[in-house]
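If you're matching positions, the sequence shown starts at 99 in the working numbering and goes up one per residue. Worksheet: the structure to be examined is printed underneath.
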Amino acid sequence: MPSTSHATLTTPVTPELVRGALELEETHDGLLSHRLPAWARAQCTDGQLAMAESQPSGVRVVFRTRATVVELETVPTKRVYAGAPPRPEGLYDLLVDGRPAGQASATGGNTVTIDMSTGSAEMSTGPAGSVRFDGLPDTDKTVEVWLPYNEITALVALRTDAPVEPAPASGRRTWLHHGSSISHGSDAASPTTIWPALAAAAGDVDLVNLGFGGSALLAPFVARTMRDTPADLISLKIGINLVNADLMRLRALGPAVHGFLDTIRDGHPDTPLLVVSPILCPMHEDTPGPTAFDFSRLAEGKLAFVASGDPEERAEGKLTLNAVREELERVVETRAKDDPHLHLLDGRLLYGERDHAELPLPDGLHPDAATHRLIGERFAARVFAAGGPFAPAGG
């Protein structure tokens with residue numbers, strides 16, 4: 099069908115068009131993607147996790163079309179932190195046959211205003227918005243619209259100037275990854291430039307991203323979710339949130355990691371499984387959590403964090419990043435004797451002391467866009483390349 103200059107065909111967004119989500123929920127706003135199933139969400143009432151798992155990091159709308167104009171109607175939910183500088187608008191990335199072809203932000207939608215001093219949140223509602231991409235080639239092509247990693251996004255409809263149909267399965271291997279806000283995307287430039295998306299593109303794999311801001315806490319329901327999710331490759335990035343939250347002591351860490359790995363292995367006994375220890379974060383290398391907002395920087399209009407623990411408390415079993423790395427090394431070394439498909443990667447090989455001197459963490463905790471790219475490239479080179487734990491068969 100020849101394309102015209104106007105997007106005149108409306109196609110509801112259905113599950114066949116969405117990839118990277120584990121569950122889709124019909125809401126009054128539209129189709130909402132979840133990165134944890136309902137039974138898992140029911141086992142934790144934490145608001146941080148509820149927000150993080152419903153932010154569609156790694157989720158994309160994928161279809162085949164000849165359209166030269168694509169509009170995606172959505173209802174975004176944006177966050178505002180009272181007294182803090184405005185957060186960047188969420189970006190939608192357009193890929194055409196795997197290549198970047200545009201970016202846009204959606205107007206309208208809902209706003210959640212968060213008071214960091216009390217933890218309270220207030221919601222205000224707004225109308226649906228849309229993102230529009232035009233000037234696309236008038237050829238049969240695969241179109242992907244990657245959703246903002248930092249905005250809850252209800253999907254309403256596609257409007258195009260030519261019919262759309264679900265894209266066939268890619269045939270690529272599926273990589274299932276779990277991690278913290280760094281894996282979730284904070285503070286990357288856009289959804290396709292979070293480090294797992296960059297690594298997945300370099301490794302020619304399909305990403306399912308279970309990176310949850312503030313919530314990589316060795317939760318059993320996450321392990322069971324991973325156990326039950328089809329995957330050809332699995333990785334876990336463990337540590338920073340355990341220290342941030344001051345969640346457990348060293349005595350509990352080893353058994354918790356063993357239990358998490360045991361559960362995954364119940365469903366994936368022979369799948370390549372990579373444990374990644376924390377990247378460098380100077381404030382927590384030898385100082386325990388909890389992590390706190392740096393209100394002195396906030397008064398200057400800057401969002402930053404500080405470690406509020408005491409280095410002397412490590413002797414009492416409080417976790418630091420160095421303590422976590424040592425325990426992960428011990429656990430993986432013990433298990434690898436009977437599990438040849440289990441591997442360990444020291445996160446400081448992705449971002450270490452020399453990198454911090456050139457690319458410091460702007461808020462003391464999260465990498466910036468350049469560092470996401472560095473981590474993604476290094477992960478791909480060490481993990482997906484020949485000789486790496488996720489190398490293709492025969493690689």
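Glycine is no exception: its CB is placed at the ideal position from the N, C-alpha and C atoms. Values in this document were obtained by computation on a predicted structure and should not be read as measured data.
| Check | Outcome |
| --- | --- |
| If we require 4 or more residues per run, which alpha helix (DSSP H) segments fall completely within the region 228 to 286? | 279 to 282 |
| Could you give the residue range of the alpha helix (DSSP H) that holds residue 146? | 145 to 152 |
| Go through its chain and collect everything with a Cβ distance to residue 287's Cβ below 7 Å, but skip five positions before and after it. | 467 |
| With DSSP as the reference, identify every bridge partner of residue 191, one or two as the case may be. | 201 and 244 |
| Which value, in whole angstroms, describes the spacing of the CA atoms of residue 119 and residue 159? | 10 Å |
| How would you call residue 278, buried or exposed, if buried means at least 16 neighbouring beta carbons within 10 angstroms? | buried |
| According to DSSP, is residue 174 part of a helix, a strand, or is it coil? | strand |
| For residue 185 and residue 432, what's the separation of their Cα atoms in angstroms? | 43 Å |
| What beta strand (DSSP E) runs, 3 residues minimum, are completely inside the region 355 to 405? | 371 to 374, 389 to 391 and 403 to 405 |
| On the CB-based measure, 16 or more other CB atoms within 10 Å of its CB, does residue 102 come out buried or exposed? | Because the pLDDT at residue 102 is just 42, under 50, the model does not fix this residue reliably, and the point stays unresolved. |
| By Cβ distance below 7 Å, which residues in the same chain neighbour residue 100 in space, the five residues on each side in sequence not counted? | The pLDDT assigned to residue 100 is 36, lower than 50, so where the model puts this residue is not dependable; a value taken from the coordinates is nonetheless given after this. If we look at residue 100 and ignore the five residues flanking it on each side, it has no Cβ neighbours. |
| Since I believe residue 134 is in contact with residue 507 (beta carbons under 8 Å), could you give me their beta-carbon distance rounded to a whole number of angstroms? | The displayed coordinates of the chain run from 99 to 493. Any statement about residue 507 would go beyond what the structure contains. |
| May I ask you to report which of helix, strand or coil DSSP gives residue 480? | helix |
| How about the region 307 to 317 and the region 479 to 492: do they share at least three Cβ pairs that are nearer than 8 Å? | no |
| Answer with buried or exposed for residue 473, where buried requires no fewer than 16 other C-beta atoms within 10 angstroms of its C-beta. | buried |
| Check for me: the beta strand (DSSP E) holding residue 110 runs from which residue to which? | 107 to 110 |
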